[in-house]
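Working notes, structure below.
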Amino acid sequence: MSLKIGIDVGGTFTDFLVARDDKAPQIHKVLSTPEDPSIAVMQGLTEIAAAQEPAATVNDLLGSVDTIVHGTTVTTNATLTRSGAKSGLITTKGVRDALEMRRGIREEQYNNHYTNVEPLVPRYLRVGVGGRLRRDGSEIEPLNLEDIDGAIELFKNENVEAISICFMNAFANTSQEQEAAERVRRALPDAYLTVSTDLLSAIRFYERISTTALNSYVGPILNHYLEQLTGRLEADGFSGLLLIMQSNGGVMAPEVARRNAALTLLSGPAGGPGAGLMYANAHDQRKCIVMDMGGTSFETALIVDSPVMVNEGLIDRHRIALPMLGIHTIGAGGGSIGWLDEGGLLRMGPQSAGADPGPACYGQSGSLPTCTDADLVLGYLNPDFFAGGKIRLDVDAARQAIEEHIATPLGMDLETAAAGMYRVACTNMAQGVREVTIKRGFDPREFPMVVAGGAGPIHSCLICEELGIPLQIVPRESSILCAVGMLMGDLKHDFVRTFVSRLNAVDWKSLHDLISDMTAEGSALLDSEHIPESRRDFRIKFDCRYLKQYHEVSFEIPRDSVDAHDTAAIATAFHREHNRLYGYSLEEQDVPVEIINVRVQAIGITEKPALAIRERVAADASPALKGERSAYIPSEQAFRTIPIYDGHRLTHGQHFEGPAIVEEVTTAIFVGNSFNCFLDKFGSFVLYKKGRDDLVARALNGDSS
Amino acid sequence: MSQIDPILLSVYARTFKSITDEMSISVQKTTRSPILCEAKDFVTGLYDATGNMLEQTENLPILAFSLAPVCKYIVEFFGDEIYPGDVIFHNDVFSMGNQNNDVAVYKPVFFEGELVAWAAAKGHQADIGGAVPGGYNPNAKEVWQEALRIPPVKVYEKGKLRKDVWDLIFANIRLEIVQHDLRAQIGACTVGERRMEELLKKYGRPSFESHKEALFDATRKMMEAEISHIPKGIYSGEGYVYFDGHHEGTKFTIRVTITVDDNKITFDYSDTDAQTDGFVNGTFTSSASATILTFLQMVNPDIPHNEGMVGPIEIIIPEGKILNASYPKATTFGNHLCPPNADAIIRALAPVIPDRVTAGWNNLLASLTTGIDPQIGEKYVDIGFMGLKGGSGAMQGTDGYDHIGMIDASGGVLDQDYEMFEQQTPHLLIKHEYITDSAGAGQWRGGLGVETIFEIGSDDTQLVTFGDGDFEPAFGLFGGHDGTLNQIKLTYPDGREVIPRNKDLILGVPRGTIYYQAAGGGGGYGDPRKRDRKKLAREIRDGVISQEAADALYAYREAG
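Just so you know, the protein sequences line up as chains H and X, in that order. Each residue of the first sequence is one higher than the last, beginning at 1 in my numbering. Each residue of the second sequence is one higher than the last, beginning at 1 in my numbering.
In structure tokens, the structure reads:
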């Protein structure tokens, strides 16, 4: 029996998905333990073991697990809460302030109270050293070893835990960085060390120094955490493979994560997109949008064959230039607070009531109206069946909060105010979806929407109507989608080298050598992760631009085009991508194309659990009806009594028309009146626009392949 | 008129903003000149059929508030002859343009055969013809010595390129990249046009029109509420401009008289000095932008940027003043009259809204180098953005922002990346760091200034300087001290030192010359002796305030 467990450690909950060949996947949730997240992990595993039939000990369970994939927000939280390692920086003399200056940006131009973000390394621990390279990598001045020793002395005295090394133009010649690193390693063997070109050998000094400093800042914390976790797991009998989720949607061995800790900065939500694609695949779709609405934040991402990547991200206003999934986060969730601005416009969030004080209807100390309060007033939530009845919702408290803060000041009735809150929240989220689609040149209407997060399926119909999206998929595991995705990730290692050359004058021998070097590095990592040759794949990307443009467009190049030196094919691919992104290309003007960076991604294909396929039953959904209640229908701007289904009793093949509500323990689904719902072979709820049966024809007709 | 839906109103407001942001990304990602794609010296916006502002993304606000007036001018100029697929260029400062180099692209948006809106993108071009590459000609006295004038002209009509017009324009501009950058701006307008068409298709024209008006109303109310927080009265202040580019020792005064009524604020510059006979002159829209952006920093930063926001603000600048030059005066320096204009406004309002103003900001002193990169044999133009960004003024409760740059950009204009700087120019960067003790001392200190040193790597380099702040530092407020002065200095390989004037043209700078620039710190706010001791200890440790200065100005050790 092959047993795999995905574990997603979030801010509030730690989610588990237990997948095995012979049974339906099992979902489990425990409260997180932020002070040592591995405690909640072990607690959850213990509970899962106890729930087995017959009940097992955690040792028995772990003994039979062959893979655990783990997503963590340890590094994200350390950055956001400024609790990273005490760090030092060694850089080229004269530019030690680049890290703090962040190129002189103030994100809020009209806000004079807006202050700069605290640097990851304080100025007195940023040391400039002699030694200089030209832009082509040739040496002007050798590395000044006395300066290095001075830095080492300072770091020793100050008990620095982590050190970064980043020199000007090192992307073109790494020797000075390596020389400095060797000296530091010898003198301070216990310090966590990051060398900029080991992590990111690409041009752009600020991006490299910021990424390097982030890696050092979170490195010791991740190391410590992984030691605790592997220690606990091994002590309890685990001898399988532990893999860590990376920001690029792939997974990696803990040893790789320890060296490149910054790769985990987006580890938490990175499972979502891959999982979304799997559910979309069931409907012959190679692309989708994934939306995940939790308590405080809304995350959305785009998948076209594979999740869309970006090479430039930000975390807490620090630049991170490692490839990561293009996940867009906004402050919109169940806890988002409704308020009126000075002009009397209704706004939702980004402030959130969170879990404490919580929405007004939680009956704790919260008295401000939240999105959840509006959902309750509108009839989408069942006050007696929230979290399966574990939390009773106070309808009067919700009504009072909305009345007082929204309805009365706007001079409208309570229900209209609640409907307005619902609509503004959905508009904000639709805007978030535009960020990952329209802003990157994709038309959202061509994508199915995979809906996740506890609050997601209540809002997805209006979001999809706003964007014209005709097809939604709400997976059975929608409340723990990221944990599912963790089991679907391949091992992925990204490499980049700056290689500045005009496309029509490429030195192919150098280019091949460069690609071979990166491929060899990738192979070495995959060796260490025990991936056989037959399960390896290497993908090549170029970052190109029109001559003298400043920003590059990154696009995949088939290996054949490189081997055949097929400049024309590469140029065509570039023109096409530029046109798609920015509405024009300069193909006709015959402007030369320039390569800036060459990237290789080494992929080790993992074994993935298959989702169980459900037996198909008759279309009639009435056996799962559990009642009816009055709920707000946005398109009619009125309440109507609509049927309520028990989601746990609905299965493959059943079909019903909107408007309707589906209740499950971990979520509720509002099927708007322009959608119908059908359950597919995995038991996912498929919401399709009325009259668009063509979108789900094969599944509707019973072809469950 | 269709009925107002308060919720749909929020939807419109959000959507306008997302469209102008999207247009901004398009410009940034596709242009070539570092001035646009790295420093973001451009603005994108949407306007209604008659040219009223719907929303803008203001990377560099000094360009921003001329777009609507020019749009109105274009609508009047072409009258009935505006068609789908038209693309119009404009830079002319005597028909509401703000600066010759800032070329705007306008594209009309049609719905069901009617003109409903405009998409526009305006950016600072690397060259605009005239006598001096890059456009800054301190010797200019008339506009023709500065630039090619582009009054409203269609470069596309009904979707067809007017090749003759296009070639005429670009035959008068030195650098080929300017063509590509303007193509990128057209691309951004196309992006805006498409999104507006989608929006109208969804909600229809009547809904768009009535909600637009409601949005203007709501925004105007927000601005009026902000103005009503300022005590009613008449206040005045001054700011100073040093050197007109021609006559040593000259100094000019910008005088503003601010009248605050119940829900209206008037900025009257009638007592300001007359125009100069050089290029140190403003245009009306550039000066009005300076006034608006300074005032916006004193009110709620969340007010949407549309016609309703500017409605309660009246600006009076008689023609012939240094802030509103008459035809055909030279005006390229006009955008850089923003800092002294801001000084005048801050000095006027500080006594009545002490909790909303900052102390003085570091004034701009910039340089622009051009030459041939000897390794690749190609021409480069570089505006030294990293060197020109000093500190902002402190305010009650908040220190000034370090290395933010002039108030007209307020941190929207970025340094070149150092490695990209060395790729795109033949220069070698030696130093770019904060200057110790540059921040004006105060209970809240000014922002730090920076020092920039590089070795010039081209032969026969041409250097233009433009700016100020080398005579008068950023001023302190309420017991806070002044910041430090700007300076540019060249040390030639033979040891000779050249200190350019603040508006100067230096020819034949030899390879190997060391370029030095100090951008000063911002003014401090409040008595420095009251400064938080923990912060001071950290600043001494970090070397941004010296022990001596801490003791002398902040009474650090005396106070224990």
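Backbone N, C-alpha and C fix where the C-beta goes; we use that ideal spot for every residue, glycine too. None of the values given here were measured: they were computed from a predicted structure.
Beta-carbon contacts of residue i that lie in its chain and below 6 Å, excluding the five residues immediately before and after
i, result
"X:Thr491", "Glu497, Ile514"
"X:Glu58", "Val43, Ala64"
"X:Asp268", "Thr257, Ile316"
"X:Met196", "Val109, Ala117"
Three-state secondary structure assigned by DSSP to residue i
i, result
"H:Asn157", "helix"
"X:Met23", "helix"
"X:Met563", "In the structure displayed, chain X extends from 1 to 560; residue 563 of chain X sits before or after that span and is not available."
"X:Trp579", "This structure cannot settle anything about residue 579 of chain X, because the visible part of chain X is limited to 1 through 560."
"X:Phe42", "strand"
"X:Pro318", "coil"
"X:Glu213", "helix"
"X:Gly457", "coil"
Per DSSP, cross-strand counterpart(s) of residue i
i, result
"H:Lys492", "H:Ile603"
"X:Phe78", "Partner(s): none; X:Phe78 has no beta bridge."
"H:His70", "H:Ile7, H:Ile244"
"H:Tyr632", "H:Phe639"
"X:Glu114", "X:Phe111"
"H:Ile315", "H:His318"
"X:Gln561", "Since the first residue of chain X shown is 1 and the last is 560, residue 561 of chain X is not available in this structure."
"X:Asp48", "X:Ala117"
Buried versus exposed call for residue i [16 or more other C-beta atoms within 10 Å across all chains shown]
i, result
"H:Ser528", "exposed"
"X:Lys503", "buried"
"H:Glu177", "buried"
"X:Lys154", "buried"
"X:Met90", "Before going on, a small fix: residue 90 of chain X reads as His here, not Met. Answer is buried; the Cβ neighbour count reaches 16."
"X:Tyr401", "buried"
"X:Gln125", "buried"
"H:Ala55", "exposed"
"X:Gly476", "buried"
"H:Asn157", "exposed"
"X:Trp444", "buried"
Close beta carbons around residue i, own chain, < 8 Å, minus the five adjacent residues each side
i, result
"X:Phe216", "Asn52, Asn306, Glu307, Gly308, Gly311"
"H:Ile502", "Note on identity: in this sequence residue 502 of chain H is Arg, with Ile being the wrong assignment. So the list reads Leu547, Pro592, Val593, Glu594, Ile595, once near-sequence residues are dropped."
"H:Leu410", "Leu340, Gly344, Leu346, Ala417, Gly420"
"H:Ile163", "Ser87, Gly88, Leu89, Ile90, Phe155, Val184, Leu188, Ala191, Tyr192, Leu193, Thr194, Ser216"
"H:Leu700", "His655, Phe678, Asp693"
Proximal residues of chain H, C-beta to C-beta of residue i below 8 Å
i, result
"X:Leu323", "The premise fails here: X:Leu323 is roughly 22 Å from chain H at the closest Cβ pair, so nothing lies under 8 Å."
"X:Val544", "Arg123"
"X:Ala68", "In chain order: nothing, as chain H lies at least about 18 Å away."
Near the ligand PLP: residue i beta-carbon under 7 Å from a heavy atom
i, result
"H:Ala397", "For the structure depicted, the ligand PLP is absent and the ligand set is empty, with no information on it obtainable."
Residues that residue i contacts on chain X, provided the C-beta gap is smaller than 7 Å
i, result
"H:Lys548", "Arg32, Ile177"
"H:Glu342", "Met222, Ala225, Asn300"
"H:Tyr582", "Ser26, Lys29, Thr30, Gly187"
"H:Glu108", "Pro301"
Residues that residue i contacts on chain X, provided the C-beta gap is smaller than 8 Å
i, result
"H:His113", "Met395, Gly397, Thr398"
"H:Val95", "Tyr418, Leu429, Lys431, His432, Glu433"
"H:His551", "Gln28, Lys29, Thr30, Cys37"
Interface residues of chain X facing residue i [CB-CB closer than 9 Å]
i, result
"H:Thr212", "Correct list: empty, because the minimum Cβ distance to chain X is about 14 Å."
"H:Phe442", "Near H:Phe442 there are no residues of chain X at all, since even the closest Cβ is about 13 Å away, more than 9 Å."
Residues near residue i by beta carbon distance below 7 Å, same chain, minus five either side
i, result
"X:Glu248", "none"
"H:Gly10", "Ser32, Thr73, Gly268"
Under 7 Å from the C-beta of residue i: neighbouring residues of chain H
i, result
"X:Asp402", "Asn116"
"X:Thr219", "Gly343"
Chain-ordered chain H contacts of residue i [CB-CB under 9 Å]
i, result
"X:Ala13", "Leu345"
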